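Asker:
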Amino acid sequence: MATLLWLQTGACSGDTMSLLNADSPSIESLMRKGSIELLWHPSLSDTPPGGLGKLIEAIESGAQALDILCVEGSLITGPFGTGMFDSYRGRPKIQIAEALARRARYVVAVGTCSAFGGIPAAPPNPTDCTGLQFDHEQPGGLLPPEWRSGAGLPVINLAGCPTHPTTITRSLAMLAQDLPLELDFLNRPRLFFGTTVHQGCTRNEYHEYDVEETVPGGRGCMYFNLGCQGPSTLANCNSELWNGRSSKTRAGVPCFGCTSPGFPKDGDLFRTEKIGAVPVTLPLGVSRAHYMAYKNLAHAAAPLRVKNREMEP
Amino acid sequence: MSRTTLNIDLNRVEGDLEFQVDLDGNRVVDARCVGTLFRGFEQLLIGRAPKDGLVITPRVCGICGTAHLYTAALALERMAQLPVSPHATLVRNLCLMAENVQSDLRQSFLFFTPDFVHPRYAAQPLFAEIEAAFAPMKGRIVRSTLAASRKVVELVAIYGGQWPHSSYMLPGGITRGATARDLMDCQDIVDRTIEWYELDVIGDSLDNWLALDSADAFFSWLDAAAHAASALGLLTRFARAIGLQHIGAGAHHFLSAGSWHDPLRWQPPYGEPVGLLPAGLYHANGQLDAFNPDLINEHVRHSWYRPYPGGRHPYIGETVPDYQPDTDRYTWAKAPRYGDKVVETGPLAELLTGGDKLVTSLLALEGPNAWLRQFARLRRTGLTLHLMKQHLAELARQLGTPHYLPPPAGALDQGEGYGLVQAARGSLGHWIQVEDGRISRYQIVTPTAWNASPKDSAGQHGHWEESVIGVELADPADPIEIGHIVRSHDPCLVCTVHFVGRGERHRYGV
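Sequences listed follow chains A and B, in order. With our numbering applied, the first sequence covers 1 to 313. With our numbering applied, the second sequence covers 1001 to 1510.
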């Protein structure tokens, strides 16, 4: 059984909600069948009086083993480097996170905030916050790039705003069994970040034939004008549906690239930036010349049923 | 007796809060509600495109992001006087209703009732039943709540693609209109949730339950075995056995901005609120005043922000952090006031201004209290599920009508507007000002800001502070009464307890 402590730093609880939404496996089934012993979760524990304070002390002193430390929320260093925008009993949360990380076998950043900084780290970054081991794209956040947990791994970044529900529970289940979790260039598990959001999007035919919407609310593709970052974002939103039902792009909401370290982008979130008639950010790995060539061809080849937007996304 | 200070640490709330109470003997004589987290969301929005608020503000809160999204869309619609179709308002309401049901259920059975499974109550006659139903992560009701709350937000995913944190409401409507297929899926989700609510939560039919219209009718209803054994029956019997109907009164003034915009009447100029449950300020003496958003103002006299005198309306509000420990300022929360009044917002307020006869009668009988506040939350769940059925019936008539009316070019480039909705925890407002196509000011007043506010410029305590003052603690080393009271407000915060007395510091969690 793996012991787990879930710490919220500058968090909105969105990843906790995502955790509660995971149905297979669910957090309660992992606990009941004995994979995970939840030492502490801010929303779920009924720890007896003094529990959390004692627990932190016991972990820091080594008396209590900590297998998995989950951190939800950005790591706030303000004001003036004190960390006191986010404190617990007069102690900055960043200090607690650092102290617990030192003792943990695995450290998991749940959500883009603790992975890369996320929304609170967007300009002007009013609270001087950062991710655990990245500051946006830059390696090194609260912890330096070379930092490794007890099991020899960097911080495992379960990016997403929020993280996909079963990405959380399946990753935790794997760590509890000490199964290897191969990480990508941003320390995200490849298993869950090895597809683009575009893969499996039900608007794909519209994208393929360059049938692009200029106003929201329609059936066509949102990549060219409406800010959709699905073709350049690594996440499983369209291969593992959300809440067992759908995804943002299927529902007509552009992908805002929330699993990426640059989230949220600086420009208008509902508009695609272009150089001339070509988007600045092209589908992952596609060159500008090739993009223009195949789009012109595809546009010309579009069947009427797609041009007329007869296909239901 | 000597005066001592308790710093109270509460988990099973959302966010961060430290609660300090001064004791005279065992009686709470003063209280300070300390927000220990500042995230600066309002600053992040300045200089961004007006619609970016639809992506940024839902991330203020993972548990009520739909409410933030709805409010942000309303503020832009009011600013640009954009019409919205009944189809879009029906879907928006349905999504907000689903989110609120989720929140009410999780708050009741994951956050509030675990306090009943406390060693102090082991000798209570109902304890075995309480444990079987409410033991954290294991109890029968807890497990079925986890499944039911997971199910109901699937409705949001049908229209928004995911819950939490999507951006499917736009000024002018929603990104995806309902189809007949969606309608079938939604009906199934709502029917199953109602079935569970009837079976596990109330032990009766929704219609019977909603027909209860007085305290007497409710207490007779509670005598029936099936009702007494239901989650609501158990919660009520146990809460009353330990005296929660006598503590936690608070402000005595109840604010609601009105629940669920009437889809058929919600149109520019967006003047009077057209809530299906009306807006208003309800006073514990039974008086009901009309709602006036101009009366909303925020004080910072006891908050860590650049000081200004008195209160400011959100249109002229500012949020400039100014951390000053060791002064008489003690929190990152501001103090919203309605005129000069300290108010409570949330389900209890909503049902009082909305004219729910049962809750009105219970308030008249015993005054505001911790049990009634929690009871009102589960009462609202029933009413919400009933309204969801009605909404789906109306949505069936609107299939094929427009779901999105594109704003004219430049409509969002200039102006100011506000939006108000009733989120799970009460009245939520966004106030936006836009200049040259960029946000120049954004102010958010959350439900918990109302409830958890510190003292204002006139020295009046906030609602939570007021609700614990006067409480007698059985054991100051384990102040569980405060846990019951504070959690009955459904706090959106996380806190810490240490007990300071005679230079000695002990730490406790509730």
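Even glycine gets a Cβ: it sits at the ideal position worked out from N, Cα and C. Quick caveat, the model's predicted, so the values are computed rather than measured.
1) Tell me where the alpha helix (DSSP H) around Phe1291 of chain B begins and ends.
2) Starting from the beta carbon of Met1137 of chain B, find every residue of chain A whose beta carbon is closer than 7 Å, and list them in chain order.
3) On a CA-only basis, which of A:Asn21, A:Arg188, A:Gly83 is nearest Pro154 of chain A? Give me that one, please.
4) Could you tell me the distance, in whole angstroms, from the CA atom of Leu1372 of chain B to the CA atom of Asp1289 of chain B?
5) Could you give the residue range of the alpha helix (DSSP H) that holds Arg1438 of chain B?
6) State the start and end residues of the unbroken alpha helix (DSSP H) segment that holds Ala1067 of chain B.
7) Would Arg271 of chain A pass as an interface residue toward chain D - the criterion being a Cβ-Cβ separation below 9 Å?
8) Counting contacts by CB-CB distance shorter than 9 Å, is Gly1503 of chain B in contact with chain A?
9) Who pairs with Ser1230 of chain B in a beta bridge, going by DSSP?
10) Is Lys1357 of chain B close to chain A? Criterion is C-beta to C-beta, closer than 9 Å.
11) Secondary structure at Pro1119 of chain B, three-state DSSP: helix, strand or coil?
12) I'd like to know whether the C-beta of Ala1067 of chain B is nearer than 9 Å to at least one C-beta of chain A.
13) In chain A, which residues lie with their C-beta within 7 Å of the C-beta of Pro1321 of chain B?
14) Let's test the definition: count the other Cβ atoms within 10 Å of the Cβ of Met1097 of chain B and tell me whether it reaches 16, buried, or not, exposed.
15) According to DSSP, is Thr1327 of chain B helix, strand or coil?
16) Is the Cβ-Cβ distance between Asp1456 of chain B and Arg1337 of chain B less than 9 Å?
17) Under 8 Å, CB to CB, which of the residues in the stretch 1389 to 1415 of chain B have a partner in chain A?
18) Which value, in whole angstroms, describes the spacing of the CA atoms of Arg102 of chain A and Leu52 of chain A?
19) Measure the C-alpha to C-alpha separation of Gly1483 of chain B and Arg203 of chain A and round it to an integer number of angstroms.
20) Output the distance between the C-alpha atoms of Thr1446 of chain B and Arg1312 of chain B, rounded to the nearest integer angstrom.
21) For Val1486 of chain B, decide whether its Cβ has a neighbour in chain A, counting only Cβ atoms nearer than 9 Å.
22) Taking 8 Å as the limit between beta carbons, can you name the residues of its chain near Arg148 of chain A, skipping five residues before and five after?
23) Contact check, Leu1146 of chain B vs Ser26 of chain A under 8 Å by CB: the rounded distance?
24) Can you list, in chain order, the residues of its chain with a C-beta nearer than 7 Å to that of Leu1385 of chain B? Leave out the 5 residues immediately preceding and following it.
25) Examine the Cβ distances between the stretch 1120 to 1127 of chain B and the stretch 1049 to 1067 of chain B and report whether three or more of them are shorter than 8 Å.
26) In chain order, which continuous runs of the alpha helix (DSSP H) of length 4 or greater are located wholly inside the stretch 166 to 223 of chain A?
27) Using CA coordinates, which residue listed in A:Thr163, A:Ile76, A:Cys201, A:Gln64 is at the minimum distance from Ser246 of chain A?
28) Exposed or buried, which one is Lys274 of chain A when buried takes at least 16 other CB atoms within 10 Å?
29) To which residues of the same chain is Ala99 of chain A closer than 6 Å at the C-beta, ignoring the five residues directly before and after it?
30) Under 9 Å, Cβ to Cβ, is there at least one residue of chain B near Arg309 of chain A?
31) So for Ser35 of chain A, helix, strand or coil by DSSP?
32) Distance, Cα to Cα, Val215 of chain A vs Thr112 of chain A?
33) What's the C-alpha gap between Arg1027 of chain B and Pro1476 of chain B?
34) I'd like the ranges of any alpha helix (DSSP H) spanning at least 4 consecutive residues and lying wholly in the stretch 1344 to 1414 of chain B.
35) Return yes when the Cβ of Gly152 of chain A is within less than 9 Å of the Cβ of Tyr1404 of chain B, no when it is not.
36) Out of B:His1430, B:Asp1490, B:His1489, point me to the one whose CA is closest to Ala1077 of chain B's CA.
Answerer: In short:
1) Premise fails: Phe1291 of chain B is in no alpha helix (DSSP H) and is neither H nor E.
2) Glu28, Met31, Leu44
3) A:Arg188
4) 22 Å
5) Where Arg1438 of chain B is concerned, there is no enclosing alpha helix (DSSP H), although the beta strand (DSSP E) it sits in stretches over 1438 to 1445.
6) 1065 to 1080
7) Of the protein chains in this structure, namely A and B, none is chain D.
8) Any reading at Gly1503 of chain B is ruled out, since the residue's pLDDT is 26, under 50, leaving its predicted position unreliable.
9) Paired residues: none, contrary to the question.
10) no
11) helix
12) no
13) Pro79
14) buried
15) coil
16) yes
17) His1403, Tyr1404, Pro1406
18) 17 Å
19) 49 Å
20) 15 Å
21) no
22) Pro154
23) 7 Å
24) Val1101, Val1190, Thr1193, Ile1194, Tyr1197, Leu1206
25) no
26) 190 to 193, 204 to 208
27) A:Cys201
28) exposed
29) Glu60
30) no
31) coil
32) 29 Å
33) 9 Å
34) 1347 to 1353, 1357 to 1366, 1370 to 1398
35) no
36) In the sequence on display, residue 1077 of chain B carries Glu and not Ala. Ranking the options by Cα distance to Glu1077 of chain B, first place goes to B:His1430.
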